[in-house]
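Residue numbers (this note's numbering), protein chains in the order written: chain V, 1 to 116; chain R, 1 to 119. This report concerns only the one structure given below.
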Amino acid sequence: AQKITQTQPGMFVQEKEAVTLDCTYDTSDQSYGLFWYKQPSSGEMIFLIYQGSYDEQNATEGRYSLNFQKARKSANLVISASQLGDSAMYFCAMRRPSGGYNKLIFGAGTRLAVHP
Amino acid sequence: DTGVSQNPRHKITKRGQNVTFRCDPISEHNRLYWYRQTLGQGPEFLTYFQNEAQLEKSRLLSDRFSAERPKGSFSTLEIQRTEQGDSAMYLCASSLASVTLQGARTEAFFGQGTRLTVV
């Protein structure tokens with residue numbers, strides 16, 4: 001079965017420090033996409049970063065980078081220079097070719113708290 | 001505001017009542033998705049539309065649930081005879097259709113959700 005595992009229910013980090021949120025996935029597909037979304041208390045899911053299975057370089061978007069280790073099937077999110085506004089739930093998700101890359105499969109999420 | 005809009009933001013209903021939620025996607029997006037998120041979990045896929053056609057439904061979508069997208073623009077999600085187990089956040093998302101391997105890059109944009117509480 002296709003599955004996303006986020007083993008850290010909660011994490012905390014000091015403001016201005018870096019933090020890594022773990023994500024492992026399980027799929028037999030060769031082609032797939034991996035996403036990270038942020039969900040603040042307002043409820044909206046905000047897209048952060050994407051990594052394609054064929055991408056040779058790790059994705060980066062501003063303070064966000066994705067540590068993609070394909071052989072280990074892991075796609076960890078690294079947030080550098082944490083800010084108070086980074087406090088939120090973070091979800092790792094995968095999109096597969098089945099049905100034309102339609103649905104996203106989400107992990108259970110990690111709650112990040114940034115302390116001043 | 002050009003993002004995905006969902007109404008209402010909150011709904012409290014008595015068990016057994018029917019409820020309907022509305023989603024207005026980003027205007028040029030031809031794909032629209034519904035997800036359900038229960039407390040402490042990630043969103044779970046319910047169904048999606050390409051234009052007005054409903055192309056996939058999850059097993060989570062029981063016969064009490066029905067979704068429509070009559071003109072390929074806004075969508076409604078109706079729950080009939082609500083049960084306490086239906087209490088959740090219902091999220092709508094939209095995207096452009098992806099047709100290539102690299103189309104997996106096409107991210108979905110989410111609305112703020114409708115939080116349903118069945119009492």
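Cβ coordinates follow ideal geometry from the N, Cα and C atoms, glycine included. It should be emphasised that the depicted structure is a prediction, and the values quoted were computed from it without experimental measurement.
Closest residue to residue i among the options (Cα-Cα distance)
i                      : options                      : result
residue 4 of chain V   : V:114, V:110, V:106 and V:52 : V:106
residue 111 of chain R : R:81, R:54 and R:36          : R:36
residue 89 of chain V  : V:78, V:113 and V:82         : V:113
residue 42 of chain V  : V:35, V:27 and V:87          : V:87
residue 68 of chain V  : V:81, V:50, V:62 and V:27    : V:50
residue 29 of chain V  : V:71, V:83 and V:78          : V:71
residue 84 of chain V  : V:116, V:25 and V:40         : V:116
residue 94 of chain R  : R:79, R:113 and R:81         : R:113
residue 78 of chain V  : V:110, V:26 and V:95         : V:110
residue 11 of chain R  : R:5, R:28, R:88 and R:109    : R:88
residue 77 of chain R  : R:96, R:97 and R:49          : R:49
residue 96 of chain R  : R:13, R:38 and R:28          : R:28
residue 39 of chain V  : V:104, V:103, V:92 and V:97  : V:92
residue 60 of chain R  : R:6, R:34, R:39 and R:20     : R:34
Beta-carbon spacing of residue i, residue j below 8 Å
i                     : j                      : result
residue 48 of chain V : residue 37 of chain V  : yes
residue 45 of chain V : residue 91 of chain R  : yes
residue 6 of chain V  : residue 108 of chain V : yes
residue 62 of chain R : residue 46 of chain R  : no
residue 35 of chain V : residue 107 of chain R : yes
residue 64 of chain R : residue 80 of chain R  : yes
Burial state of residue i, where buried means 16 or more other Cβ atoms lie within 10 Å
i                      : result
residue 119 of chain R : exposed
residue 71 of chain R  : exposed
residue 2 of chain R   : exposed
residue 9 of chain V   : exposed
residue 43 of chain R  : buried
residue 53 of chain V  : buried
residue 80 of chain V  : exposed
residue 85 of chain R  : exposed
residue 25 of chain R  : buried
residue 17 of chain R  : exposed
Neighbour flag for residue i against chain V, beta carbons, 8 Å
i                      : result
residue 25 of chain R  : no
residue 91 of chain R  : yes
residue 52 of chain R  : no
residue 108 of chain R : yes
DSSP three-state assignment for residue i, whether helix, strand or coil
i                      : result
residue 77 of chain R  : strand
residue 52 of chain V  : strand
residue 3 of chain R   : coil
residue 69 of chain V  : strand
residue 84 of chain R  : helix
residue 103 of chain R : The predicted position of residue 103 of chain R is uncertain, since its pLDDT is 49 and thus under 50; no value can be drawn from it.
residue 22 of chain V  : coil
residue 113 of chain R : coil
residue 77 of chain V  : strand
residue 33 of chain V  : strand
residue 60 of chain R  : coil
residue 84 of chain V  : helix
Chain R within 8 Å of residue i, Cβ atoms only
i                     : result
residue 42 of chain V : yes
residue 68 of chain V : no
residue 81 of chain V : no
residue 73 of chain V : no
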